[in-house]
Amino acid sequence: MTDGDADSVGPLADREWRLIREEARPGPLNMALDEVAAETAADGGPRTVRVYRWEPSCLSLGYNQDPETVDWGHCADAGVDVTRRQTGGGGIYHDYSGDVSYSITAPAAELPGSLLEAYHLLCEPVLDAFARLGVDADYVSEEREAIHHPACYLRGLHPAHDVLSAGGGGRKLSGNAQYRREDAVIQHGSVTYEAKAGEHLACFADPGVTDSRFAERVVGIAELTDATRADAVAAFEDALAEWADAAAGEWTDAELARAEEIAEGKYRSDDWVRRVPGER
37 MTDGDADSVG PLADREWRLI REEARPGPLN MALDEVAAET AADGGPRTVR
87 VYRWEPSCLS LGYNQDPETV DWGHCADAGV DVTRRQTGGG GIYHDYSGDV
137 SYSITAPAAE LPGSLLEAYH LLCEPVLDAF ARLGVDADYV SEEREAIHHP
187 ACYLRGLHPA HDVLSAGGGG RKLSGNAQYR REDAVIQHGS VTYEAKAGEH
237 LACFADPGVT DSRFAERVVG IAELTDATRA DAVAAFEDAL AEWADAAAGE
287 WTDAELARAE EIAEGKYRSD DWVRRVPGER
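Going by our numbering, the letters in the sequence shown line up with residues 37 to 316, in that order.
Here you go:
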């Protein structure tokens, strides 16, 4: 177990948690592993906090995003995977070196029924990690209008789940989303280590947004501190582990096999990835 101080230990730390340290996997498998973690927690197994990397870089579409908003030709030429999340919002470009992602999974009965309360509970270690890196981050102080709807980082900002620099008054650092099953809740989020405006915008068909306009809305940890990406990963792993009082763990062979099954039938499937809004 970890030895976090009283401020970093969360109210769910008396349960059984495991920390899965950063792994680099393709986007479809990362999304499938979030589902597997939910199945494990719902079946009486450990709850999971994890940090993960996208290899290759990946564009993850929001649940209801129109596939026509994607520049499929560019993604193919640039070697960018495309998958679709269970969570809403717009598309997020997860750059191999510029993105740090995390997820928290627990039984639904253990979390607040209020969406806002659940977000703010599960974002506690996220804000703690930024503080460890010397980044003054908080929820956006007030709603802001969208710049480009298909791109998640350029959509309207909401105090429930969008984390910004300068104590919530600056630029977006992290977006967080929840997928609520009947028996479990998955919260996952993307944290910008290095904002790569050109690569991000190129994934979208005719975004009509300049790199400089993107930079007015989005900032990365690397621009605010001298922390390396490894420093950022360690900060998020440590904050998550201390918040949950989690022991270091790993996936079982059965979980990995189940994740491959889910990824093949869903997150790698054109029926899922390229479906039009409203289709099930």
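For glycine and all other residues, C-beta sits at the position ideal for the given N, C-alpha and C.
Owing to the predicted nature of the structure, the values given are computational and were not obtained by experimental measurement.
*Do G134 and T261 have their CB atoms nearer than 9 Å?*
no
*Spatial neighbours of H236 within its chain, please: CB distance less than 6 Å, with the 5 preceding and 5 following residues excluded, ordered by chain position.*
Y129
*Quick one: which unbroken beta strand (DSSP E) runs of 3-plus residues sit fully inside the stretch 72 to 150? Chain order, please.*
83 to 90, 94 to 97, 117 to 120, 128 to 130 and 135 to 143
*Closest by CA to K302, which one among Y88, G256 and R120?*
R120
*Below 8 Å CB to CB, which residues in the same chain sit around D117 once its five sequence neighbours on both sides are set aside?*
P62, G63, P64, W90, P92, S93, C94, L95 and C111
*Taking 9 Å as the CB-CB limit, is S177 close to chain D?*
Protein chain content of the structure displayed is limited to a single chain, and chain D is not contained in it.
*Which residues bound the beta strand (DSSP E) around S177?*
Run containing S177: none; DSSP gives neither H nor E here.
*Could you say if the stretch 183 to 191 and the stretch 145 to 163 meet the contact criterion of at least three C-beta pairs nearer than 8 Å?*
no
*How far does the alpha helix (DSSP H) with G225 in it reach, from first residue to last?*
Element bounds for G225: not the alpha helix (DSSP H) but the beta strand (DSSP E), A220 to T228.
*C-alpha distance - V227 paired with S177, whole-angstrom precision*: 18 Å
*Could you spell out the range, first to last residue, of the beta strand (DSSP E) harbouring A213?*
K208 to R216
_Simplified DSSP assignment, three categories, for E160_ = helix
*asked:* My output table needs one value for R310: the three-state DSSP class, helix, strand or coil.
replied: coil
*Cα-Cα, which of D307, G234 and Q223 is closest to Y366?*
Since the first residue of the chain shown is 37 and the last is 316, residue 366 is not available in this structure.
*Top-ranked residue by Cα proximity to P186, from S210, G244 and G81*: G244
*Under the rule that 16 or more other beta-carbon atoms within 10 Å means buried, what is G46, buried or exposed?*
buried
*asked:* Once the 5 residues before and after L147 are set aside, which same chain residues still bring their CB inside 6 Å of it?
replied: A154 and V221
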